[in-house]
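Sequential numbering of the sequence shown, starting at 129, is according to our numbering.
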Amino acid sequence: MLSYRFLGLPEPLADIERAGIVILPVAYDATASYRAGTREGPARIIEASRYLEWYDEETETEVYRLGIATHPELEPVATGPEAMVEEVYRAVSGILASGQFPVILGGEHTVSLGAIRAAIETTPNLVVLQLDAHADLRDTYQGSSFSHACVMARVAEICPFIQVGLRSLSREEALWLKKRGLRPYWAREVVGRGEEVARQIVSQVAGRPLYVTIDCDVFDPAIMPAVGTPEPGGLSWFEVITILRSVSQTTQIVGFDVVELAPIAGQVAPDFLAARLVYKFLSYIFSRSLRSEA
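1. Ala390: which of Gly222, Leu224, Pro358 sits nearest, CA to CA?
2. Please confirm whether Val325 and Tyr339 have their CB atoms less than 8 Å apart.
3. Could you tell me the alpha carbon to alpha carbon distance between Glu317 and Met212, rounded to whole angstroms?
4. Can the beta-carbon of Phe347 be found closer than 8 Å to that of Gly362?
5. For Gly169, which of helix, strand or coil comes out of DSSP?
6. Counting only the same chain and skipping the five closest in sequence on each side, list residues whose C-beta sits under 6 Å from that of Gln291.
7. Could you give the distance in angstroms between the alpha-carbon of Gly165 and the alpha-carbon of Ala402?
8. When the distance is taken between beta carbons, is Ala243 closer than 8 Å to Leu254?
9. Please report the residue range of the beta strand (DSSP E) in which Phe289 lies.
10. List, from N- to C-terminal side, the beta strand (DSSP E) runs of 3 residues or more that fit wholly inside the segment 201 to 263.
11. Once the 5 residues before and after Pro200 are set aside, which same chain residues still bring their CB inside 7 Å of it?
12. Using only the alpha-carbon positions, how far apart do Ser296 and Ala176 sit?
See below:
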(Lines of atoms letter the chains of each structure in order from A and count residues from 1; the text may use other names and numbers.)
(Lines give C-alpha, C1' and ligand atoms only; values in the text may rest on other atoms or scores of the structure.)
Protein backbone atom coordinates (compact mmCIF):
# COMPACT_ATOMS: atom_id res chain seq x y z
CA MET A 1 0.00 0.00 0.00
CA LEU A 2 1.34 3.44 -0.92
CA SER A 3 2.37 5.73 1.92
CA TYR A 4 1.99 8.95 -0.06
CA ARG A 5 0.00 10.70 -2.76
CA PHE A 6 1.72 12.12 -5.84
CA LEU A 7 3.28 15.46 -4.81
CA GLY A 8 1.95 14.83 -1.32
CA LEU A 9 -1.10 16.86 -2.30
CA PRO A 10 -3.76 17.57 0.32
CA GLU A 11 -7.13 15.87 0.01
CA PRO A 12 -9.12 18.53 -1.89
CA LEU A 13 -6.57 18.46 -4.73
CA ALA A 14 -6.09 14.69 -4.59
CA ASP A 15 -9.76 13.67 -4.52
CA ILE A 16 -10.15 10.74 -6.93
CA GLU A 17 -13.68 11.87 -7.85
CA ARG A 18 -12.80 15.48 -8.70
CA ALA A 19 -9.19 15.47 -9.93
CA GLY A 20 -8.53 16.17 -13.59
CA ILE A 21 -5.49 13.88 -13.59
CA VAL A 22 -5.18 10.38 -12.12
CA ILE A 23 -1.86 8.67 -11.36
CA LEU A 24 -2.19 4.87 -11.65
CA PRO A 25 0.71 2.98 -9.99
CA VAL A 26 1.23 -0.59 -11.25
CA ALA A 27 3.68 -2.59 -9.12
CA TYR A 28 4.45 -5.37 -11.58
CA ASP A 29 7.65 -6.95 -12.90
CA ALA A 30 6.88 -10.66 -13.28
CA THR A 31 8.51 -10.98 -16.74
CA ALA A 32 11.69 -9.00 -15.90
CA SER A 33 14.66 -10.61 -17.66
CA TYR A 34 17.73 -8.87 -16.19
CA ARG A 35 17.43 -6.57 -13.16
CA ALA A 36 14.21 -7.15 -11.26
CA GLY A 37 12.78 -4.43 -9.05
CA THR A 38 10.60 -2.33 -11.34
CA ARG A 39 7.65 -3.29 -9.12
CA GLU A 40 9.17 -0.83 -6.62
CA GLY A 41 9.30 1.95 -9.23
CA PRO A 42 5.83 3.48 -8.74
CA ALA A 43 6.22 3.87 -4.98
CA ARG A 44 9.68 5.41 -5.35
CA ILE A 45 8.46 7.87 -8.01
CA ILE A 46 5.57 8.93 -5.81
CA GLU A 47 7.83 9.26 -2.78
CA ALA A 48 10.31 11.41 -4.76
CA SER A 49 7.47 13.56 -6.10
CA ARG A 50 6.87 14.96 -2.61
CA TYR A 51 10.06 17.00 -3.04
CA LEU A 52 9.18 18.54 -6.41
CA GLU A 53 8.33 22.21 -6.75
CA TRP A 54 4.69 22.58 -7.75
CA TYR A 55 5.51 25.50 -10.06
CA ASP A 56 7.02 24.71 -13.46
CA GLU A 57 9.53 27.41 -14.36
CA GLU A 58 9.45 26.74 -18.11
CA THR A 59 5.71 26.86 -18.73
CA GLU A 60 5.07 29.21 -15.79
CA THR A 61 2.17 27.03 -14.69
CA GLU A 62 1.05 25.02 -11.68
CA VAL A 63 -0.58 21.91 -13.11
CA TYR A 64 -1.43 20.56 -9.64
CA ARG A 65 -4.29 23.09 -9.60
CA LEU A 66 -6.21 20.76 -11.95
CA GLY A 67 -6.17 18.15 -9.19
CA ILE A 68 -3.89 15.11 -9.28
CA ALA A 69 -5.30 11.99 -7.61
CA THR A 70 -3.31 8.86 -6.85
CA HIS A 71 -5.23 5.68 -7.64
CA PRO A 72 -4.77 2.69 -5.30
CA GLU A 73 -1.75 0.69 -6.42
CA LEU A 74 -2.38 -2.27 -8.72
CA GLU A 75 -0.36 -5.27 -7.58
CA PRO A 76 0.75 -8.47 -9.35
CA VAL A 77 -1.92 -10.86 -10.57
CA ALA A 78 -0.99 -14.47 -9.83
CA THR A 79 -2.52 -15.79 -13.06
CA GLY A 80 0.10 -14.11 -15.26
CA PRO A 81 0.91 -11.06 -17.37
CA GLU A 82 -2.18 -11.26 -19.58
CA ALA A 83 -4.38 -10.92 -16.50
CA MET A 84 -2.36 -7.90 -15.36
CA VAL A 85 -2.81 -6.27 -18.77
CA GLU A 86 -6.56 -6.79 -18.41
CA GLU A 87 -6.55 -5.27 -14.91
CA VAL A 88 -4.71 -2.18 -16.16
CA TYR A 89 -7.13 -1.97 -19.10
CA ARG A 90 -10.12 -1.92 -16.74
CA ALA A 91 -8.57 0.70 -14.46
CA VAL A 92 -7.58 3.03 -17.30
CA SER A 93 -10.95 2.56 -19.01
CA GLY A 94 -12.60 3.77 -15.81
CA ILE A 95 -10.32 6.82 -15.61
CA LEU A 96 -11.05 7.77 -19.22
CA ALA A 97 -14.79 7.18 -18.80
CA SER A 98 -14.71 9.69 -15.94
CA GLY A 99 -13.20 12.31 -18.24
CA GLN A 100 -9.89 12.23 -16.39
CA PHE A 101 -6.35 12.13 -17.77
CA PRO A 102 -4.45 8.88 -17.02
CA VAL A 103 -0.76 8.65 -16.08
CA ILE A 104 0.46 5.10 -15.54
CA LEU A 105 3.57 4.38 -13.47
CA GLY A 106 5.30 1.03 -13.94
CA GLY A 107 6.43 -1.47 -13.28
CA GLU A 108 7.67 -3.24 -16.33
CA HIS A 109 6.70 -2.22 -19.85
CA THR A 110 3.98 -4.87 -20.14
CA VAL A 111 1.62 -2.61 -18.18
CA SER A 112 1.54 -0.10 -21.05
CA LEU A 113 -0.45 -2.48 -23.24
CA GLY A 114 -3.52 -2.39 -21.00
CA ALA A 115 -3.50 1.41 -20.99
CA ILE A 116 -3.09 1.62 -24.77
CA ARG A 117 -5.96 -0.83 -25.30
CA ALA A 118 -8.18 1.36 -23.16
CA ALA A 119 -7.08 4.55 -24.92
CA ILE A 120 -7.71 3.22 -28.42
CA GLU A 121 -11.32 2.41 -27.53
CA THR A 122 -12.01 6.09 -26.90
CA THR A 123 -9.62 7.34 -29.61
CA PRO A 124 -9.72 4.96 -32.61
CA ASN A 125 -7.16 6.91 -34.71
CA LEU A 126 -4.56 6.77 -31.94
CA VAL A 127 -0.80 6.69 -32.55
CA VAL A 128 1.63 5.46 -29.90
CA LEU A 129 4.92 7.30 -29.38
CA GLN A 130 7.48 5.01 -27.73
CA LEU A 131 10.63 6.46 -26.14
CA ASP A 132 12.82 3.46 -25.38
CA ALA A 133 16.26 1.92 -25.70
CA HIS A 134 14.76 -1.35 -26.95
CA ALA A 135 12.40 -2.26 -29.76
CA ASP A 136 10.23 -4.59 -27.61
CA LEU A 137 9.00 -6.24 -30.82
CA ARG A 138 9.59 -9.92 -30.08
CA ASP A 139 6.54 -12.06 -30.71
CA THR A 140 7.32 -14.17 -27.66
CA TYR A 141 10.07 -14.03 -25.06
CA GLN A 142 10.89 -16.61 -22.40
CA GLY A 143 7.68 -18.43 -23.24
CA SER A 144 5.31 -15.46 -23.03
CA SER A 145 3.77 -13.25 -25.70
CA PHE A 146 3.01 -10.72 -22.94
CA SER A 147 6.60 -10.21 -21.83
CA HIS A 148 8.03 -6.71 -21.45
CA ALA A 149 10.08 -7.58 -24.55
CA CYS A 150 6.89 -8.12 -26.59
CA VAL A 151 4.82 -5.08 -25.68
CA MET A 152 5.22 -3.22 -28.98
CA ALA A 153 4.52 -6.36 -31.00
CA ARG A 154 1.15 -6.47 -29.23
CA VAL A 155 0.63 -2.72 -29.72
CA ALA A 156 1.34 -3.15 -33.45
CA GLU A 157 -1.69 -5.44 -33.66
CA ILE A 158 -4.03 -2.59 -32.73
CA CYS A 159 -2.48 0.74 -33.79
CA PRO A 160 0.53 2.40 -35.46
CA PHE A 161 3.53 3.54 -33.45
CA ILE A 162 6.68 5.66 -33.67
CA GLN A 163 9.89 4.59 -31.90
CA VAL A 164 12.50 7.03 -30.57
CA GLY A 165 15.82 6.42 -28.83
CA LEU A 166 16.37 2.80 -29.86
CA ARG A 167 19.87 1.37 -29.64
CA SER A 168 19.34 -2.34 -29.04
CA LEU A 169 17.23 -4.97 -30.82
CA SER A 170 17.44 -8.53 -32.09
CA ARG A 171 17.97 -9.51 -35.73
CA GLU A 172 14.37 -10.72 -35.85
CA GLU A 173 13.10 -7.37 -34.61
CA ALA A 174 15.21 -5.53 -37.19
CA LEU A 175 13.74 -7.72 -39.94
CA TRP A 176 10.22 -7.14 -38.57
CA LEU A 177 10.71 -3.38 -38.96
CA LYS A 178 12.26 -3.62 -42.43
CA LYS A 179 9.49 -5.90 -43.69
CA ARG A 180 6.92 -3.26 -42.76
CA GLY A 181 8.93 -0.30 -44.00
CA LEU A 182 9.29 1.15 -40.51
CA ARG A 183 12.35 3.06 -39.37
CA PRO A 184 12.96 4.10 -35.76
CA TYR A 185 14.62 7.32 -34.71
CA TRP A 186 17.83 5.68 -33.50
CA ALA A 187 19.45 7.17 -30.41
CA ARG A 188 22.62 7.95 -32.38
CA GLU A 189 20.51 10.10 -34.72
CA VAL A 190 18.68 11.94 -31.95
CA VAL A 191 21.66 12.92 -29.80
CA GLY A 192 22.41 16.59 -30.41
CA ARG A 193 19.45 16.94 -32.81
CA GLY A 194 16.49 17.05 -30.42
CA GLU A 195 14.71 20.01 -32.02
CA GLU A 196 15.05 18.67 -35.56
CA VAL A 197 13.91 15.17 -34.61
CA ALA A 198 10.98 16.62 -32.67
CA ARG A 199 9.82 18.47 -35.80
CA GLN A 200 10.06 15.26 -37.83
CA ILE A 201 8.01 13.36 -35.26
CA VAL A 202 5.32 16.05 -35.23
CA SER A 203 5.15 15.89 -39.02
CA GLN A 204 4.88 12.09 -38.95
CA VAL A 205 2.08 12.16 -36.37
CA ALA A 206 0.16 14.49 -38.71
CA GLY A 207 -2.24 15.76 -36.09
CA ARG A 208 -3.46 12.38 -34.86
CA PRO A 209 -3.88 11.94 -31.09
CA LEU A 210 -1.00 10.36 -29.19
CA TYR A 211 -0.46 8.00 -26.32
CA VAL A 212 3.14 8.29 -25.12
CA THR A 213 5.00 5.43 -23.45
CA ILE A 214 8.33 6.32 -21.86
CA ASP A 215 10.71 3.56 -20.81
CA CYS A 216 13.25 5.06 -18.41
CA ASP A 217 16.05 3.30 -20.27
CA VAL A 218 15.63 5.76 -23.15
CA PHE A 219 17.83 8.01 -21.01
CA ASP A 220 21.57 7.50 -20.95
CA PRO A 221 22.53 5.35 -17.94
CA ALA A 222 24.84 8.14 -16.79
CA ILE A 223 21.70 9.97 -15.62
CA MET A 224 19.32 6.99 -15.37
CA PRO A 225 21.16 3.87 -14.18
CA ALA A 226 18.12 2.50 -12.32
CA VAL A 227 16.49 0.48 -15.10
CA GLY A 228 15.90 -3.18 -15.79
CA THR A 229 18.18 -3.35 -18.84
CA PRO A 230 20.53 -0.34 -19.13
CA GLU A 231 21.99 0.47 -22.54
CA PRO A 232 24.87 2.90 -23.18
CA GLY A 233 24.44 5.79 -25.60
CA GLY A 234 21.06 7.07 -24.47
CA LEU A 235 19.33 10.43 -24.63
CA SER A 236 19.81 13.39 -22.33
CA TRP A 237 17.15 15.03 -20.19
CA PHE A 238 16.84 17.96 -22.57
CA GLU A 239 16.63 15.77 -25.69
CA VAL A 240 13.72 13.85 -24.19
CA ILE A 241 11.78 16.86 -22.91
CA THR A 242 12.31 18.71 -26.21
CA ILE A 243 10.40 15.90 -27.93
CA LEU A 244 7.70 15.87 -25.26
CA ARG A 245 7.30 19.64 -25.43
CA SER A 246 6.97 19.61 -29.22
CA VAL A 247 4.30 16.90 -29.37
CA SER A 248 2.39 18.53 -26.50
CA GLN A 249 2.23 21.84 -28.34
CA THR A 250 0.85 20.37 -31.57
CA THR A 251 -0.97 17.15 -30.71
CA GLN A 252 -3.69 15.87 -28.40
CA ILE A 253 -2.08 13.64 -25.77
CA VAL A 254 -4.65 11.18 -24.40
CA GLY A 255 -2.43 9.61 -21.74
CA PHE A 256 1.09 8.50 -21.00
CA ASP A 257 3.15 6.14 -18.90
CA VAL A 258 6.60 6.11 -17.34
CA VAL A 259 7.86 2.56 -16.86
CA GLU A 260 10.88 0.39 -16.05
CA LEU A 261 12.35 2.37 -13.15
CA ALA A 262 14.17 -0.28 -11.08
CA PRO A 263 15.29 1.64 -7.99
CA ILE A 264 18.84 1.29 -6.68
CA ALA A 265 19.33 1.40 -2.92
CA GLY A 266 20.95 4.65 -1.85
CA GLN A 267 20.45 6.40 -5.21
CA VAL A 268 17.55 8.85 -5.22
CA ALA A 269 18.48 10.85 -8.35
CA PRO A 270 16.88 8.36 -10.80
CA ASP A 271 13.66 8.33 -8.75
CA PHE A 272 13.58 12.12 -8.74
CA LEU A 273 14.26 12.28 -12.49
CA ALA A 274 11.27 10.01 -13.16
CA ALA A 275 9.02 12.05 -10.86
CA ARG A 276 10.15 15.31 -12.45
CA LEU A 277 9.55 13.81 -15.90
CA VAL A 278 5.93 13.04 -15.01
CA TYR A 279 5.27 16.54 -13.71
CA LYS A 280 7.16 18.24 -16.55
CA PHE A 281 5.17 16.34 -19.20
CA LEU A 282 1.90 17.18 -17.44
CA SER A 283 2.96 20.83 -17.38
CA TYR A 284 3.53 20.75 -21.14
CA ILE A 285 0.24 18.97 -21.86
CA PHE A 286 -1.93 21.31 -19.81
CA SER A 287 0.00 24.59 -20.13
CA ARG A 288 -2.37 26.12 -22.68
CA SER A 289 -5.52 25.34 -20.71
CA LEU A 290 -3.92 26.59 -17.50
CA ARG A 291 -2.87 29.86 -19.12
CA SER A 292 -6.35 30.41 -20.56
CA GLU A 293 -7.82 30.07 -17.08
CA ALA A 294 -5.31 32.49 -15.54
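Glycine residues also receive a C-beta, built at the ideal position from the N, C-alpha and C atoms.
Let's see:
1. Of the residues Gly222, Leu224, Pro358, the one whose Cα lies closest to the Cα of Ala390 is Pro358.
2. no
3. 35 Å
4. yes
5. Helix at Gly169.
6. Gln258, Pro312
7. 15 Å
8. no
9. 289 to 294
10. 229 to 234, 255 to 259
11. none
12. 29 Å
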